[in-house]
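Residues in the sequence shown are numbered consecutively from 25, following our numbering.
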Amino acid sequence: MNRLVSLVLGTLLLLGLLGRAGAEDAETQTRLFFQDGQTQELHWADVSKDLILELGEPTTIAGFPKIDPEKQTLLQMAEGNGFLMVGVRDHDNGNHESGWVLAHTGVEHHDHGDHADWKYPATPVTWQHRLDDNQGNPAHLYRYGGVFYLANDRADGYTRLDPRDYGLDRRNQRVLGTPRFVQGGGNHITLGVANDRVGYATWIDGGGPNMGRVDVTRIKKDADSEIAYSFHLPHGGLHGVTVNEGKVFFAPSDGIYWCDVDERTEKSTEEVMPHHLSLGKDDESGKPRRTGAFTNHKQYVLFVTGKGENAELVILNARSSHPQLLLVPLAMSEENGPVTPKVVRTAQGRELAFVFHNHPAETKADDELSIIDLDPNRDRDVSDAAVVKRMKVGASDVHSHFGHHGIAFDADGRRAYFTNPGDGTITVLALNDLEEKATFPVGGKPGAIIARGGVESDH
Numbered sequence: 025m026n027r028l029v030s031l032v033l034g035t036l037l038l039l040g041l042l043g044r045a046g047a048e049d050a051e052t053q054t055r056l057f058f059q060d061g062q063t064q065e066l067h068w069a070d071v072s073k074d075l076i077l078e079l080g081e082p083t084t085i086a087g088f089p090k091i092d093p094e095k096q097t098l099l100q101m102a103e104g105n106g107f108l109m110v111g112v113r114d115h116d117n118g119n120h121e122s123g124w125v126l127a128h129t130g131v132e133h134h135d136h137g138d139h140a141d142w143k144y145p146a147t148p149v150t151w152q153h154r155l156d157d158n159q160g161n162p163a164h165l166y167r168y169g170g171v172f173y174l175a176n177d178r179a180d181g182y183t184r185l186d187p188r189d190y191g192l193d194r195r196n197q198r199v200l201g202t203p204r205f206v207q208g209g210g211n212h213i214t215l216g217v218a219n220d221r222v223g224y225a226t227w228i229d230g231g232g233p234n235m236g237r238v239d240v241t242r243i244k245k246d247a248d249s250e251i252a253y254s255f256h257l258p259h260g261g262l263h264g265v266t267v268n269e270g271k272v273f274f275a276p277s278d279g280i281y282w283c284d285v286d287e288r289t290e291k292s293t294e295e296v297m298p299h300h301l302s303l304g305k306d307d308e309s310g311k312p313r314r315t316g317a318f319t320n321h322k323q324y325v326l327f328v329t330g331k332g333e334n335a336e337l338v339i340l341n342a343r344s345s346h347p348q349l350l351l352v353p354l355a356m357s358e359e360n361g362p363v364t365p366k367v368v369r370t371a372q373g374r375e376l377a378f379v380f381h382n383h384p385a386e387t388k389a390d391d392e393l394s395i396i397d398l399d400p401n402r403d404r405d406v407s408d409a410a411v412v413k414r415m416k417v418g419a420s421d422v423h424s425h426f427g428h429h430g431i432a433f434d435a436d437g438r439r440a441y442f443t444n445p446g447d448g449t450i451t452v453l454a455l456n457d458l459e460e461k462a463t464f465p466v467g468g469k470p471g472a473i474i475a476r477g478g479v480e481s482d483h
């Protein structure tokens, strides 16, 4: 009997030691930051792997200001130089508290030329925030060339914040940069910035004197900036801008416009030469087709248009002197519409675009994901881009602009992590075989997500 008890105790002790050793041996794979659309909290958690993938306990960022879900909403996020920025919008036209929050991710990146090391020495902490009734109720946040630009809709301009101006000095004291206000755009601003020198900011007006208006501003890093000149596109309803290869692309109510970047702001209004690309007309309404946002990947500009069986991924080669539309059919169910694509270069060298099929929360339909290989034959030409997988995913919870799936990729190009707001889960997808590897319950309504870092270095 005593021998049996000793064997049992010995076995339990060994299992405990093995479990403890396994926990200590687990490697951090990446750090996730994701918003809860229900509580308007920003959580973080590390993904680790020993024998299986595991997600740490989701935790709020230290010092993150309290966001009132009855009065405020977290907006888009961007990451750069180890910092994460998120916009905050209120429900009272900016008269309550709107603005932004900047946090350090606690993740370090060391580039050694032939390889890079990732370290996770600290937990995330809020670095600076600006929330008051003077921030213009932002909606969109962009990152161009490593610099953050936050559109302050009600202030008719945008805030420039360079994360490289933030950090710790030699005495380990916190260093704060100086955000700068840039005039340009109005009502609901979308924005393109070229080389941190010139900004193209839009007005969303569908009629009146500001229909199709674009403000061109020379950006100053050490002072507030003023508009150099403005021009008007033939169509209004502008919602979507990007810059790529010396061209700026706009998304009006009809198709796409593009023009050459005027980096030195030397042109006059009359010298701007916009070029129009039609996306055709909607079969049901007869209205011109449009898009609402762009994604850049190398010299390519990607976006989606249409819905249901007529939904398409569109690719433009910005390097071409006359960019042409390359259309990739997505053929969704009639209830669904495509979400702005996200692109990754995998560890195996594949270039993949991910497009979710979403619908309003009250509509009963499956949520799906299309994965498009942008260059199946690896000849550096996207003319053979095609859907390589279509899969069902967890539920969205779409109400207006919120409740869509979010997706992020680790820095090594090994895995994708996407949120399912309607299920309160995060799904892990391996990028080598495009198969689901895990689904983590996190509760609430997880939406926008960012991944910072790759597999933790052991040296």
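Even glycine gets a Cβ: it sits at the ideal position worked out from N, Cα and C.
Quick one: what does DSSP say residue 202 is sitting in, helix, strand or coil? Mapped onto the sequence shown, residue 202 falls at position 178. In the structure shown, residue 202 sits in coil (DSSP, three-state: anything other than H, G, I, E or B).
Helix, strand or coil: which one does DSSP assign to residue 246? Along the sequence shown, read from residue 1 onward, the residue named residue 246 stands at position 222. Coil.
Cβ distance (whole Å) where residue 165 is taken to contact residue 174 below 8 Å: Counted from its first residue, the sequence shown places residue 165 at position 141. Counted from its first residue, the sequence shown places residue 174 at position 150. Residue 165 to residue 174, Cβ: 5 Å. Contact.
Quick test of your reading: residue 198 and residue 151, contact by CB under 8 Å. State the CB separation rounded to the nearest angstrom. Along the sequence shown, one-based indexing puts residue 198 at 174. Along the sequence shown, one-based indexing puts residue 151 at 127. With a Cβ gap of about 7 Å, residue 198 and residue 151 count as contacting.
Buried or exposed for residue 390, going by 16 or more other Cβ atoms inside 10 Å? For this step, residue 390 is matched to residue 366 along the sequence shown. With fewer than 16 other Cβ atoms within 10 Å, it is exposed.
Inspect the beta-carbon positions of residue 133 and residue 142 and report whether they are closer than 8 Å. For the purposes of this step, residue 133 is taken as residue 109 along the sequence shown, with counting starting at 1. For the purposes of this step, residue 142 is taken as residue 118 along the sequence shown, with counting starting at 1. Yes, Cβ-Cβ distance for residue 133 and residue 142 is below 8 Å.
Buried or exposed (CB count within 10 angstroms, at least 16 for buried), residue 259: The residue given as residue 259 occupies position 235 in the sequence shown. Its Cβ being crowded by 16 or more others within 10 Å, residue 259 is buried.
Where residue 237 falls: helix, strand or coil (DSSP): Taking the first residue of the sequence shown as position 1, residue 237 is located at position 213. It is a strand residue.
DSSP on residue 484, reduced to helix/strand/coil? The displayed coordinates of the chain run from 25 to 483. Any statement about residue 484 would go beyond what the structure contains.
With a threshold of 7 Å (Cβ to nearest heavy atom), would residue 310 be considered close to the ligand GDP? For the structure depicted, the ligand GDP is absent and the ligand set is empty, with no information on it obtainable.
Does DSSP put residue 51 in a helix, a strand or coil? Sequence index remark: in the sequence shown, residue 51 carries index 27 (1-based). DSSP places residue 51 in strand when its eight states are reduced to three.
Quick check on the burial criterion: 16 or more other C-beta atoms within 10 angstroms. Buried or exposed for residue 469? Position 445 of the sequence shown, counted from the first residue, corresponds to residue 469. Label assigned to residue 469: buried.
In three-state DSSP terms, what is residue 114? Along the sequence shown, read from residue 1 onward, the residue named residue 114 stands at position 90. In the structure shown, residue 114 sits in a strand (DSSP, three-state: E or B).
Just to check my reading of the structure: residue 315 and residue 328 have Cβ atoms closer than 8 Å, yes? What is that Cβ distance to the nearest angstrom? The residue given as residue 315 occupies position 291 in the sequence shown. The residue given as residue 328 occupies position 304 in the sequence shown. Rounded, the Cβ-Cβ distance is 6 Å, consistent with contact.
Cβ neighbours of residue 59 in the same chain (closer than 6 Å, five flanking residues each side left out): One-based indexing of the sequence shown puts residue 59 at position 35. Once the five neighbours on either side are set aside, the close Cβ partners of residue 59 are 66, 98, 471 and 472.
Would you report the Cα separation of residue 404 and residue 368, rounded to the nearest angstrom? Locating residue 404 in the sequence shown gives position 380, counting from the first residue. Locating residue 368 in the sequence shown gives position 344, counting from the first residue. For residue 404 and residue 368, the distance between alpha carbons rounds to 15 Å.
Leaving out five residues before and five after residue 46 in sequence, what residues of the same chain have Cβ atoms less than 8 Å from its Cβ? Counting from 1 along the sequence shown, the entry for residue 46 is found at position 22. Because the pLDDT of residue 46 is 44, which lies under 50, any placement of that residue in the model is unreliable, and the question is left without a value.
Coil, strand or helix - residue 469 by DSSP: Along the sequence shown, one-based indexing puts residue 469 at 445. Coil.
Do residue 478 and residue 54 come within 8 Å of each other at the CB atom, strictly closer than that value? Stepping through the sequence shown from its first residue, residue 54 is reached at position 30. Stepping through the sequence shown from its first residue, residue 478 is reached at position 454. Yes, they are a contact pair.
Taking contact to mean 3 or more Cβ pairs, one atom from each stretch, closer than 8 Å, check whether the region 331-342 and the region 414-434 are in contact. no
Determine the contact status of residue 377 and residue 396, defining contact as a CB-CB distance below 8 Å. Position 353 of the sequence shown, counted from the start, is the residue given in the question as residue 377. Position 372 of the sequence shown, counted from the start, is the residue given in the question as residue 396. Against a cut-off of 8 Å, the Cβ pair of residue 396 and residue 377 comes out as a contact.
Might you give, ordered along the chain, the residues of its own chain that have their beta carbon closer than 7 Å to the beta carbon of residue 210, omitting 5 neighbours on each side? Against the sequence shown, residue 210 aligns to sequence position 186. Around residue 210: 180, 227 and 234.
Taking the C-alpha atoms as reference points, what is the distance between residue 301 and residue 269? On the sequence shown, position 277 is the one that residue 301 refers to. On the sequence shown, position 245 is the one that residue 269 refers to. Going from the Cα of residue 301 to the Cα of residue 269 covers about 17 Å.
According to DSSP, simplified to helix, strand and coil, what is residue 460? As a first step, residue 460 must be located in the sequence shown, where it is residue number 436. Strand, per DSSP.
Use the C-beta contact count for residue 374: other C-beta atoms within 10 angstroms, 16 or more gives buried, fewer gives exposed. Residue mapping note: residue 374 aligns to position 350 of the sequence shown, counting from 1. Buried.
Comparing C-alpha positions only, which one of 246, 417, 107 and 476 sits nearest to residue 187? The count along the sequence shown starts at 1 and reaches residue 187 at position 163. Of the candidates 246, 417, 107 and 476, the one whose C-alpha sits nearest the C-alpha of residue 187 is 107.
Quick check on DSSP: helix, strand or coil for residue 214? What you label residue 214 is simply residue 190 of the sequence shown in a count that begins at 1. Coil, per DSSP.
Run through DSSP, which three-state label would residue 132 get? Sequence index remark: in the sequence shown, residue 132 carries index 108 (1-based). Here residue 132 sits in strand by DSSP.
Would you kindly work out how many angstroms separate the C-alpha atoms of residue 284 and residue 267, rounded to a whole number? The residue you call residue 284 lines up with position 260 of the sequence shown. The residue you call residue 267 lines up with position 243 of the sequence shown. Whole-angstrom Cα-Cα distance: 9 Å.
Does DSSP classify residue 397 as helix, strand or coil? In the sequence shown, the residue the question calls residue 397 occupies position 373. Looking at residue 397 - three-state DSSP - the assignment turns out to be strand.
Among 287, 96 and 272, which one has its Cα closest to the Cα of residue 344? As a working mapping, residue 344 is identified with position 320 in the sequence shown. Among 287, 96 and 272, the Cα nearest to that of residue 344 belongs to 272.
Strictly by DSSP, which residues pair up with residue 327? Residue mapping note: residue 327 aligns to position 303 of the sequence shown, counting from 1. 338, per the DSSP bridge assignment.
With distances taken Cα to Cα, identify the nearest neighbour of residue 340 among 282, 168, 189 and 221. For the purposes of this step, residue 340 is identified with residue 316 of the sequence shown, where counting begins at 1. Of the listed residues, the one whose Cα sits closest to residue 340 is 282.
How many Å lie between residue 245 and residue 204 at the Cα? One-based indexing of the sequence shown puts residue 245 at position 221. One-based indexing of the sequence shown puts residue 204 at position 180. When rounded, the distance between both Cα atoms is 7 Å.
Residues of its chain near residue 92, where Cβ-Cβ distance is below 6 Å and the 5 sequence neighbours each way are ignored: Numbered from its first residue, the sequence shown carries residue 92 at position 68. Cβ within range, chain order: n/a, list empty.
Pull up the distance between the alpha-carbon of residue 363 and that of residue 264, whole angstroms please. Your numbering for residue 363 matches position 339 in the sequence shown. Your numbering for residue 264 matches position 240 in the sequence shown. Approximately 14 Å between the Cα atoms of the pair.
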